[in-house]
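Undergrad: Start counting at 1 in the sequence shown, then tack on 9, and there's your number in the numbering used here. Just so you know, even glycine gets a beta-carbon here, dropped at the ideal spot from N, CA and C. Since the model is a prediction, treat every value here as computed from it, not as a measurement. Have a look at this one before I ask anything.
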Amino acid sequence: MTQKLSDKKLAVLGAGKLGGILLRAYLKQELFAPKRVTATVSHAEKAAALSKELGVQVMTENRKAVPGADIVLLCVKPKVVAEVLNEIAPELNEKTLVISVAASVPTTYIEEHLGKKVPAVRVMPNTPSAVGCGMTGICRGAHAGAEHLETARAMFNAVGRTVVVDEKNMDAVTGLSASGPAFAYIILESLAEAGVKVGLPRDVATLLAAQTMKGAASVVLETGDHPALLKDAVTTPAGCTIDGILELEEGKLRVTLIKAVVKATSRAGELLFEK
Ligand SMILES: NC(=O)c1ccc[n+]([C@@H]2O[C@H](COP(=O)([O-])OP(=O)(O)OC[C@H]3O[C@@H](n4cnc5c(N)ncnc54)[C@H](OP(=O)(O)O)[C@@H]3O)[C@@H](O)[C@H]2O)c1
Numbered sequence: 010m011t012q013k014l015s016d017k018k019l020a021v022l023g024a025g026k027l028g029g030i031l032l033r034a035y036l037k038q039e040l041f042a043p044k045r046v047t048a049t050v051s052h053a054e055k056a057a058a059l060s061k062e063l064g065v066q067v068m069t070e071n072r073k074a075v076p077g078a079d080i081v082l083l084c085v086k087p088k089v090v091a092e093v094l095n096e097i098a099p100e101l102n103e104k105t106l107v108i109s110v111a112a113s114v115p116t117t118y119i120e121e122h123l124g125k126k127v128p129a130v131r132v133m134p135n136t137p138s139a140v141g142c143g144m145t146g147i148c149r150g151a152h153a154g155a156e157h158l159e160t161a162r163a164m165f166n167a168v169g170r171t172v173v174v175d176e177k178n179m180d181a182v183t184g185l186s187a188s189g190p191a192f193a194y195i196i197l198e199s200l201a202e203a204g205v206k207v208g209l210p211r212d213v214a215t216l217l218a219a220q221t222m223k224g225a226a227s228v229v230l231e232t233g234d235h236p237a238l239l240k241d242a243v244t245t246p247a248g249c250t251i252d253g254i255l256e257l258e259e260g261k262l263r264v265t266l267i268k269a270v271v272k273a274t275s276r277a278g279e280l281l282f283e284k
């Protein structure tokens with residue numbers, strides 16, 4: 010697949026935070042050849058700066074960035090998606106793969122705005138993709154086949170892990186793994202703050218908190234064991250962990266996290282309809 014992608018022409022429309030993370034990763038890993046990559050942003054000065062930094066063609070006109078593209082990676086905000094699709098539709102054909110990262114934008118919406126049988130894949134990555142530790146949910150539209158899913162998986166496996174889900178679950182993916190890093194940072198920051206409270210220097214407390222969260226996550230991913238079983242293994246009868254757990258339960262940590270993901274999921278469904 011790496012070989013195949015390096016032959017493809019990629020257009021990244023909206024190379025902002027997320028688009029920029031992906032573009033930088035693809036160029037660094039030589040997944041795509043710089044001469045076969047174009048990108049767009051809305052401000053001319055940003056286009057010039059990005060072009061200089063990355064050594065690829067960056068412009069402000071989407072319509073000029075897509076001719077000949079095999080893959081169009083749509084990274085603009087949800088409310089700009091329709092405008093961009095209308096702009097590029099005349100330049101696309103049924104062989105162009107459109108991959109959209111826009112939260113709340115269904116594949117049917119993309120297909121309707123393009124007005125032809127263009128294969129569309131919807132993905133929901135997260136910002137840890139910047140360090141190769143991303144998590145991306147992927148689903149395909151009506152005209153996309155297994156080969157299109159495979160291309161999207163290869164592009165997002167390059168920055169972390171991927172999972173294919175039904176499109177009806179994409180808002181849930183948004184609420185859990187796309188918003189999730191923000192929730193995790195708050196938990197991590199709170200653990201570090203607790204370390205400071207019990208006498209640790211801040212840098213040591215932050216290191217302990219971050220590596221502990223990374224370690225716990227790695228054990229779940231590598232063993233496949235249920236988190237409750239792993240928690241039980243840490244919790245000695247009448248030891249100190251059970252006292253800490255009692256505080257967490259009294260503070261309603263579980264229900265608070267569940268409610269945070271539920272709220273973020275329902276909000277994810279609304280973004281497209283905002284002015
Ligand atoms: N950030 C996340 O954690 C995350 C996670 C998953 C999915 N997403 C999705 O990723 C998308 C982008 O989010 P973001 O956080 O990366 O936003 P962002 O940093 O604001 O990036 C948006 C980019 O789009 C450019 N742009 C605006 N209008 C344009 C147009 N008409 N044509 C071409 N480019 C245009 C902007 O250009 P300028 O820079 O010149 O203003 C900017 O570079 C959203 O749809 C979001 O739902 C984000």
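(1) Do Ala277 and Ala112 have their beta-carbon atoms positioned less than 7 Å apart in this structure?
(2) At the level of alpha carbons, what is the spacing between Leu94 and His122?
(3) So the candidates are Asn178, Ala242 and Leu59; which of them puts its Cα closest to the Cα of Thr145?
(4) Pull up the distance between the alpha-carbon of Thr250 and that of Thr265, whole angstroms please.
(5) Cα separation between Gln12 and Ser60?
(6) I'd like to know whether the C-beta atoms of Val132 and Val110 end up nearer to each other than 7 Å.
(7) What does Ile147 pair with, by DSSP beta-bridge criteria?
(8) Output the boundary residues of the beta strand (DSSP E) element that contains Val228.
(9) Are the CB atoms of Gly143 and Val168 nearer to each other than 7 Å?
(10) Comparing alpha-carbon positions, which option in Leu14, Thr160 and Leu27 lies nearest Leu40?
(11) Can you name the start and end residues of the alpha helix (DSSP H) that Thr274 belongs to?
(12) Please classify Val75: does DSSP put it in a helix, a strand, or coil?
(13) Can you say whether Tyr118 is buried or exposed, counting buried as having 16 or more other CB atoms within 10 angstroms of its CB?
(14) Tell whether a beta-carbon distance below 7 Å holds between Gly64 and Pro87.
(15) Could you tell me the distance, in whole angstroms, from the CA atom of Tyr194 to the CA atom of Gly208?
(16) Does the beta-carbon of Ser51, which I'm using as the reference point, lie nearer than 6 Å to any heavy atom of ligand 1?
(17) Report yes or no: do the segment 125-139 and the segment 150-161 share at least 3 C-beta pairs separated by less than 8 Å?
(18) Quick one: any contact between the segment 171-187 and the segment 197-215, if contact means 3 or more CB pairs under 8 Å?
(19) Over what stretch of residues does the beta strand (DSSP E) that includes Ser109 continue unbroken?
(20) Kindly list the residues whose CB is nearer than 7 Å to the CB of Val270, restricted to its own chain and excluding five residues on each side of it in sequence; keep chain order.
(21) Report the partner residues of Gln66 according to the DSSP bridge assignment.
(22) Short check: CB of Val81 to CB of Gly23, under 7 Å?
(23) In terms of residue numbering, what span does the alpha helix (DSSP H) encompassing Ala193 cover?
TA: With the structure as the only source:
(1) yes
(2) 6 Å
(3) Asn178
(4) 20 Å
(5) Interpretation of Gln12 is limited by its pLDDT of 47, a score under 50 that renders its predicted location unreliable; the figure taken from the coordinates is listed afterwards. Each residue's alpha carbon lies about 24 Å from the other.
(6) yes
(7) Val132 and Val173
(8) Where Val228 is concerned, there is no enclosing beta strand (DSSP E), although the alpha helix (DSSP H) it sits in stretches over Arg211 to Thr232.
(9) yes
(10) Leu14
(11) Leu262 to Ala277
(12) coil
(13) buried
(14) no
(15) 21 Å
(16) yes
(17) yes
(18) no
(19) Leu106 to Ser109
(20) Gly184 and Leu185
(21) Thr47
(22) no
(23) Gly189 to Lys206
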